[in-house]
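Here the protein sequences come in this chain order: A and B. Take the first sequence: its letters are residues 591 to 797, numbered as in the numbering used here. Take the second sequence: its letters are residues 591 to 797, numbered as in the numbering used here.
There are 2 protein chains.
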Amino acid sequence: MTTPPTKKPSRIQMRNRRLILDAALVVFSRDGYGGATLDSIATGAGLSKPNLLYYFDSKTAIYVTLLSQLLETWLDPLIELDPDGDPVEELLGYVRHKLDMSLELPDESKLFAGEMLQGAPRIMNHLQDELKPLFDRKCAIIQNWIDAGKLAPVDPPHLIFSIWAATQHYADFGAQVSVLLGGENPSVRAAAHLEQMFRKVLQPQTP
Amino acid sequence: MTTPPTKKPSRIQMRNRRLILDAALVVFSRDGYGGATLDSIATGAGLSKPNLLYYFDSKTAIYVTLLSQLLETWLDPLIELDPDGDPVEELLGYVRHKLDMSLELPDESKLFAGEMLQGAPRIMNHLQDELKPLFDRKCAIIQNWIDAGKLAPVDPPHLIFSIWAATQHYADFGAQVSVLLGGENPSVRAAAHLEQMFRKVLQPQTP
DNA sequence: CGTAAATTTTACCAATTGGTAAAGAGACGA
DNA sequence: TCGTCTCTTTACCAATTGGTAAAATTTACG
Numbered sequence: 591m592t593t594p595p596t597k598k599p600s601r602i603q604m605r606n607r608r609l610i611l612d613a614a615l616v617v618f619s620r621d622g623y624g625g626a627t628l629d630s631i632a633t634g635a636g637l638s639k640p641n642l643l644y645y646f647d648s649k650t651a652i653y654v655t656l657l658s659q660l661l662e663t664w665l666d667p668l669i670e671l672d673p674d675g676d677p678v679e680e681l682l683g684y685v686r687h688k689l690d691m692s693l694e695l696p697d698e699s700k701l702f703a704g705e706m707l708q709g710a711p712r713i714m715n716h717l718q719d720e721l722k723p724l725f726d727r728k729c730a731i732i733q734n735w736i737d738a739g740k741l742a743p744v745d746p747p748h749l750i751f752s753i754w755a756a757t758q759h760y761a762d763f764g765a766q767v768s769v770l771l772g773g774e775n776p777s778v779r780a781a782a783h784l785e786q787m788f789r790k791v792l793q794p795q796t797p
Numbered sequence: 591m592t593t594p595p596t597k598k599p600s601r602i603q604m605r606n607r608r609l610i611l612d613a614a615l616v617v618f619s620r621d622g623y624g625g626a627t628l629d630s631i632a633t634g635a636g637l638s639k640p641n642l643l644y645y646f647d648s649k650t651a652i653y654v655t656l657l658s659q660l661l662e663t664w665l666d667p668l669i670e671l672d673p674d675g676d677p678v679e680e681l682l683g684y685v686r687h688k689l690d691m692s693l694e695l696p697d698e699s700k701l702f703a704g705e706m707l708q709g710a711p712r713i714m715n716h717l718q719d720e721l722k723p724l725f726d727r728k729c730a731i732i733q734n735w736i737d738a739g740k741l742a743p744v745d746p747p748h749l750i751f752s753i754w755a756a757t758q759h760y761a762d763f764g765a766q767v768s769v770l771l772g773g774e775n776p777s778v779r780a781a782a783h784l785e786q787m788f789r790k791v792l793q794p795q796t797p
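(1) Nearest to LEU681 (chain B) by alpha carbon, out of B:VAL767, B:ARG620 and B:TRP735?
(2) Any beta-carbon of chain A closer than 9 Å to the one on ASP621 (chain B)?
(3) Skipping 5 residues on each side, what residues in its chain have a beta carbon closer than 6 Å to that of THR596 (chain B)?
(4) Would you mind sorting GLY622 (chain B) into buried or exposed? The rule is 16 or more other CB atoms within 10 Å of its CB.
(5) Under 9 Å between C-beta atoms, does HIS687 (chain A) make it to chain B?
(6) Go ahead and label GLY764 (chain A) buried or exposed: buried means 16 or more other beta carbons lie within 10 angstroms of its beta carbon, across all protein chains shown.
(7) Take GLU774 (chain A) as the anchor and find which of B:VAL617, B:VAL767, B:HIS759 and B:HIS748 has the nearest alpha-carbon.
(8) So which of B:ILE602, B:LYS740 and B:LYS688 has the shortest CA-CA distance to LEU668 (chain B)?
(9) Quick check: the region 742 to 758 of chain B against the region 689 to 709 of chain A, are at least 3 beta-carbon pairs closer than 8 Å?
(10) Put ALA782 (chain A) into one of helix, strand or coil per three-state DSSP.
(11) Reducing DSSP to helix, strand and coil, say where ARG534 (chain B) ends up.
(12) I'd like to know if the region 769 to 788 of chain B and the region 718 to 732 of chain A are in contact, where contact means that at least 3 CB-CB pairs between them fall below 8 Å.
(13) Roughly how many angstroms lie between the CA atoms of PRO746 (chain A) and LYS728 (chain A), to the nearest whole one?
(14) With a threshold of 8 Å, are at least 3 pairs of Cβ atoms found where one atom belongs to the region 650 to 667 of chain A and the other to the region 654 to 673 of chain B?
(15) With burial defined as no fewer than 16 other Cβ atoms inside 10 Å of the residue's Cβ, what is the status of SER619 (chain B): buried or exposed?
(16) Give the residues from the region 781 to 794 of chain B that approach chain A closer than 8 Å (Cβ to any Cβ), ordered along the chain.
(17) In the region 691 to 754 of chain B, which residue ranges form an unbroken alpha helix (DSSP H) of at least 4 residues, counting only runs that do not cross its ends?
(18) If the cut is a Cβ gap below 8 Å, which residues of chain A does VAL744 (chain B) touch?
(19) If the cut is a Cβ gap below 9 Å, which residues of chain A does SER752 (chain B) touch?
(20) Any chance the region 607 to 618 of chain B sits against the region 647 to 663 of chain B, with 3 or more Cβ pairs inside 8 Å?
(21) Helix, strand or coil for LEU637 (chain B)? Go by DSSP, reduced to three states.
(22) Kindly indicate if chain A contains any beta-carbon less than 9 Å away from that of PRO776 (chain B).
(23) Flag this pair as yes or no: are the beta carbons of VAL678 (chain B) and GLN793 (chain B) separated by less than 9 Å?
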């Protein structure tokens, strides 16, 4: 269904699939799905174009594989939100983790953002099947924290949106950030700003 | 330099250039720069492909024209930040305005975001020449408000980043938002959430 | 070693791409 | 009514695209 025969992947398969996916990440995130070419990915991976298509059925297959794997990595920190932890610190930890990912893996963030921009046509089902249930579960946890008075009353889904938006901005709009900060590395002040901002938003006001 | 001869634009020119830019906005924002085709834009505009190229020199010329015009529209509300107004209300008004634009003109937001994702190769100069000076000016105003004790101490540039990110998220990640909210229209709750959030962040704590 | 399977290369292709040349059709003032 | 300038169409093209067929080569393994 996906690519080479159906067997256990050999060492060569593991290596080349990884080479291809690594190169594809760079190309797709830089040029967008439509602007990316198999030739460009092949060159990046050090393979010939027909050889690419020995490992993946099509350009789309590479792209979708990349996005699916990505979605998992990207969701991990959200999964770790612990209902039994301290609410404010759990959420601030999540913000921190998300910011770090954006700063360290900007290509991954951009690839995902590019797919979103185009209406997520190729991973809509993943969003429905994987992200949505997780999202609902975590919103419920946040709502419980609020009901228990351990968190200021916020709108859980929109809080999550704001966290995602504010953190990913440093990856997705990195070019703009860089220009507007005059090239200064944003990481330290961004972290301080986001921590301060979300602490104010989350801290319950009746201690 | 840009397109048809050098004269005052006739009525036909005005109309067709508008048709082309309107169609191009839809196509570029949906398919990205690389994925967009002149044929698709021409069809959308109801013109033939060679006729497009009578009005614009190239695909890139259409794209850049669109982005430049866009940048102005998008910057307008920031320009209106009034140093003599009430700081908190000025900024909350800006948030509100920015959110409205994202909800009502998502294609414009996506087009801009797409260019940013790719490192802004085609409007880097506009960012430098137009956005950067404006940005610095507005950061200074915010800093003055803070120094005057009329605003909680925030990091002005990063505050603006967070405002941009949180508002544009509803346009750029509209597909995701829609899935996660189960199709519910986000506008009312988004507005309430952002107002509440940024009010907390901006309100000085020593009244 | 030998051989069958896995991998890679070479040669190729139809479709699409951005863009051009030049002929033709309208508009419009003198 | 004529002639000129603006606009539009038709016909075309070289380059690139995603993808295939099949031969050639490597690798794994008994």
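Every residue, glycine too, gets a C-beta built ideally from N, C-alpha and C. If you're wondering where the values come from, they're calculated on a predicted model, not measured in any experiment.
Working from what's here:
(1) The option with the nearest alpha carbon to LEU681 (chain B) is B:TRP735.
(2) True, the Cβ-Cβ gap to chain A drops below 9 Å.
(3) For THR596 (chain B), the predicted model reports a pLDDT of 42, less than 50, meaning its position is unreliable and no value from the coordinates is stated.
(4) With 16 or more Cβ atoms within 10 Å of its Cβ, GLY622 (chain B) is classed as buried.
(5) It does not: the Cβ of HIS687 (chain A) has no partner Cβ on chain B nearer than 9 Å.
(6) Buried, since its Cβ has 16 or more Cβ neighbours within 10 Å.
(7) Distances from the CA of GLU774 (chain A) to each of B:VAL617, B:VAL767, B:HIS759 and B:HIS748 were compared; the closest alpha carbon is that of B:HIS748.
(8) For the options B:ILE602, B:LYS740 and B:LYS688, the alpha carbon positioned closest to that of LEU668 (chain B) is the one of B:LYS688.
(9) By the C-beta criterion, the region 689 to 709 of chain A is judged not to be in contact with the region 742 to 758 of chain B, since fewer than 3 inter-stretch pairs fall below 8 Å.
(10) Looking at ALA782 (chain A) - three-state DSSP - the assignment turns out to be helix.
(11) Residue coverage of chain B in this structure runs from 591 to 797, which leaves residue 534 (chain B) outside it and unanswerable.
(12) Contact between the region 769 to 788 of chain B and the region 718 to 732 of chain A is established, with three or more Cβ pairs separated by less than 8 Å.
(13) Roughly 8 Å between the two C-alpha positions.
(14) By the criterion of at least three beta-carbon pairs nearer than 8 Å, the region 650 to 667 of chain A is not in contact with the region 654 to 673 of chain B.
(15) Within 10 angstroms of the beta-carbon of SER619 (chain B) lie 16 or more other beta-carbons, which makes it buried.
(16) Here the close residues are ALA782, HIS783, LEU784, GLN786, MET787, LYS790 and VAL791.
(17) Under the rule that a run must span 4 or more residues, the alpha helix (DSSP H) segments found entirely inside the region 691 to 754 of chain B read 696 to 707 and 722 to 737.
(18) The answer, in chain order, is HIS783, GLN786 and MET787.
(19) In chain order: SER752, ALA755, ALA756, HIS759, HIS783, LEU784 and MET787.
(20) Yes: at least three Cβ pairs fall under 8 Å.
(21) Note: LEU637 (chain B) maps to coil in three-state DSSP.
(22) Closer than 9 Å to some Cβ of chain A, the Cβ of PRO776 (chain B) qualifies, so yes.
(23) The beta carbons of VAL678 (chain B) and GLN793 (chain B) sit closer together than 9 Å.
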